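These notes are about the structure you will find just below.
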Amino acid sequence: QERSSNNFNYGAYHSLEAIYHEMDNIASDFPDLASRVKIGHSFENRPMYVLKFSTEEGVPRPAIWLNAGIHSREWISQATAIWTARKIASDYQRDPAITSILEKMDIFLLPVANPDGYVYTQTQNRLWRKTRSLNPGSPCFGADPNRNWNASFAGKGASDDPCSEVYHGPHANSEVEVKSVVDFIQKHGNFKCFIDLHSYSQLMMYPYGYTAKKAPDAEELDKLARRAAKALASVSGTEYQVGPTCTTVYPASGSSIDWAYDNGIKFAFTLELRDTGTYGFLLPANQIIPTAEETWLGLKTIMEHVRDNLY
Amino acid sequence: REKFFGDQVFRINVRNGDEISKLSQLVNSNNLKLNVWKSPSTFNRPVDVLVPSVSLQPVKSFLTSQGLEYEVTIEDLQTLLDNEDEEMRQNEG
């Protein structure tokens, strides 16, 4: 059971405020390791917070970006992320693997990449996926923030219809939530790994989504993804399919990990977390911790490889 | 708050390119207000679609007439939502 100073229940789904409050608690509980950093704001002006885990101040060290909740209805991803935040903090100096990662690198974790969408799923429409930006001339709101990155923007697997679930937005980075992450990562300049957590259907994917062309590092990424999927499966047998996004699920342009990869972040992965479809996006809360626990082993395998293969 | 009374989730199995294109035709039809949870892509990947109660009949007819195999994986989405809401209320308490 994870230590918690305020009885935050990691086995339950929470409001945005509760998640932000818990991020604050983690930063207070581990002041020498964790801090809550505001990286921007959403369309409806909600703050966007990341937890920064760092054992050394000063020049930006090589870093890992963990992204969750970009599709707001995929609640298991936000829940897994906040569990993971507490896990990173509490395992530092207890687990040699995470300790050695943090002695060499920083970890940035964004549990709610689409705050407006998340609030909307709790107040208006549980199955909402996109942002909540206005589309002039259209009655439909929002763009798909995972089609809005500057990676073959508006190409295959995205729609130019604002009413579509995969609407790419008027231009790359039009969604302030996406731009906030892009600006932060570019300003930092030393990210080596970018992992985006989604649900559902048990997949571990790497670039590209916008083309069936093989990525230059496809072989290494494939091997690593397979090792991570194996580690993940060791907890309770959850089997992941592994492969490039385009040929494993479908062509998808403008995605986060393609942008990351094309901008020099070699270790770029998307995970589709546990959920066989029986529950759709309503994975019962009693599966949050089992999902987070198995995902953790996959993430750790990737992060250890990054630590040992800095470039 | 949007309600989903009687809305169902269909899992549709696609066996070839022809079936994928038939299904794409269905999911791209704006008047049925379908919400695609897993898109038609490769053959060995089932497609999950949220079908609003008002569209159940036309969607079922389309699938049957085109010989597309499907099963209903969520019988009533609102029941799941109500359970989730109840669980969240309990946790808040």
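As you go down the protein sequences, you meet chains A and B in turn. Be aware that the first sequence starts at 1, since it is given in the numbering used here, and climbs by one per residue. Be aware that the second sequence starts at 1001, since it is given in the numbering used here, and climbs by one per residue. Virtual Cβ for every residue (Gly too), placed ideally from N, Cα, C. These numbers come from a predicted model, not from an experiment.
* **Distance CB(G312 of chain A)-CB(P145 of chain A) smaller than 9 angstroms** => As displayed, chain A neither begins before 1 nor continues past 311, which places residue 312 of chain A out of reach and without an answer.
* Just how far apart, CA to CA, sit Y311 of chain A and R36 of chain A? -> Cα to Cα, Y311 of chain A sits roughly 28 angstroms from R36 of chain A.
* To do: Kindly indicate which three-state DSSP category V112 of chain A falls into: helix, strand or coil?
  => Reduced to three states, the DSSP call for V112 of chain A is coil.
* Within 10 angstroms of the Cβ of Q1 of chain A, are there 16 or more other Cβ atoms? Answer buried if so, exposed if not. => Because the pLDDT of Q1 of chain A is 46, which lies under 50, any placement of that residue in the model is unreliable, and the question is left without a value.
* **Listed by chain order, chain A residues near E1084 of chain B by CB distance under 7 angstroms** => By Cβ distance, chain A contributes L282.
* What residues match up with Y20 of chain A in a beta bridge as DSSP calls it? -> Paired residues: none, contrary to the question.
* Quick one: which chain A residues come within Cβ less than 7 angstroms of S1041 of chain B? -> By Cβ distance, chain A contributes V249 and Y250.
* Asked: Between G11 of chain A and I289 of chain A, which are expected to be in contact by the criterion C-beta below 8 angstroms, what is the C-beta distance as a whole number of angstroms?
  -> At roughly 5 angstroms, the Cβ-Cβ gap stays under 8 angstroms, so G11 of chain A and I289 of chain A are in contact.
* Asked: Tell me, which residues are paired with N1004 of chain B by DSSP?
  -> Correcting the residue identity first, residue 1004 of chain B is Phe in this sequence and not Asn. DSSP, once it has assigned bridges, lists no residue as partnering F1004 of chain B.
* **Spatial neighbours of P62 of chain A in its chain, beta-carbon cut-off 6 angstroms, leaving aside the 5 residues before and after** => Only M105, N190, K192 and L310 meet the Cβ criterion.
* Asked: In whole angstroms, what separates the C-alpha of M977 of chain B from that of H14 of chain A?
  -> With chain B running from 1001 to 1093 in the structure shown, residue 977 of chain B is simply not present.
* Proximity to D1076 of chain B [Cα-Cα], best of B:E1092, B:V1054 and B:G1067 -> Check the Cα spacing between D1076 of chain B and each of B:E1092, B:V1054 and B:G1067: the tightest is with B:V1054.
* Identify whether Q1 of chain A lies in helix, strand or coil by the three-state DSSP scheme. => Below a pLDDT of 50, predicted positions are generally treated as unreliable, and Q1 of chain A, at 46, falls in that range; no measurement from the model is reported.
* To do: For Q202 of chain A, count neighbouring Cβ atoms within 10 angstroms of its own Cβ and tell me buried if that reaches 16, exposed if not.
  => With 16 or more Cβ atoms within 10 Å of its Cβ, Q202 of chain A is classed as buried.
* Segments assigned beta strand (DSSP E), at least 3 residues, entirely inside the stretch 186-257 of chain A -> Fully enclosed beta strand (DSSP E) runs of 3 or longer: 191-199, 203-206 and 241-244.
* With a Cβ-Cβ cutoff of 9 angstroms, do W65 of chain A and I265 of chain A count as a contact? -> With contacts defined as CB atoms closer than 9 angstroms, W65 of chain A and I265 of chain A qualify as a contacting pair.
* L1056 of chain B to G1006 of chain B, Cα distance in whole Å? -> Those two C-alpha atoms are separated by around 9 angstroms.
* **L297 of chain A at chain B interface by Cβ criterion, 9 angstroms** => No - not a single Cβ of chain B is within 9 angstroms of the one on L297 of chain A.
* Quick one, which of A:D29, A:I82, A:P115 and A:T121 has its alpha-carbon nearest V178 of chain A's? -> Comparing Cα-Cα distances from V178 of chain A to each of A:D29, A:I82, A:P115 and A:T121, the minimum goes to A:P115.
* Sequence-distant residues of its chain with Cβ nearer than 7 angstroms to V50 of chain A (five each side left out) -> Within the same chain, Cβ atoms closer than 7 angstroms to the Cβ of V50 of chain A are found at V37, I39, F108, L109 and L110, the five residues on either side in sequence being excluded.
* Asked: Taking the beta strand (DSSP E) that E272 of chain A falls in, what are its first and last residues?
  -> Counting along the chain, E272 of chain A sits inside the beta strand (DSSP E) bounded by residues F267 to L273.
* How should G237 of chain A be labelled, buried or exposed, when 16 other C-beta atoms within 10 angstroms of its C-beta is the threshold for buried? -> Exposed is the label assigned to G237 of chain A, since fewer than 16 other Cβ atoms lie within 10 Å of its Cβ.
* **Cβ separation of V1014 of chain B and V1049 of chain B, assumed to be a contact under 8 angstroms, to the nearest whole Å** => A Cβ-Cβ separation of about 12 angstroms leaves V1014 of chain B out of contact with V1049 of chain B under the 8 angstroms criterion.
* With burial defined as no fewer than 16 other Cβ atoms inside 10 Å of the residue's Cβ, what is the status of E57 of chain A: buried or exposed? -> Burial state of E57 of chain A is exposed, judged by a 10 Å Cβ sphere holding fewer than 16 other Cβ atoms.
* Asked: Any idea what DSSP makes of R1011 of chain B, helix, strand or coil?
  -> R1011 of chain B: strand per DSSP, three-state reduction.
* To do: From the DSSP output, in three-state form, read off Y13 of chain A for me.
  => Reduced to three states, the DSSP call for Y13 of chain A is coil.
* Asked: Is it true that the stretch 122-131 of chain A meets the stretch 83-98 of chain A, where meeting means three or more beta-carbon pairs spaced less than 8 angstroms apart?
  -> Two segments are said to touch when three or more pairs of C-beta atoms, one from each, lie closer than 8 angstroms; by this definition the stretch 122-131 of chain A does not touch the stretch 83-98 of chain A.
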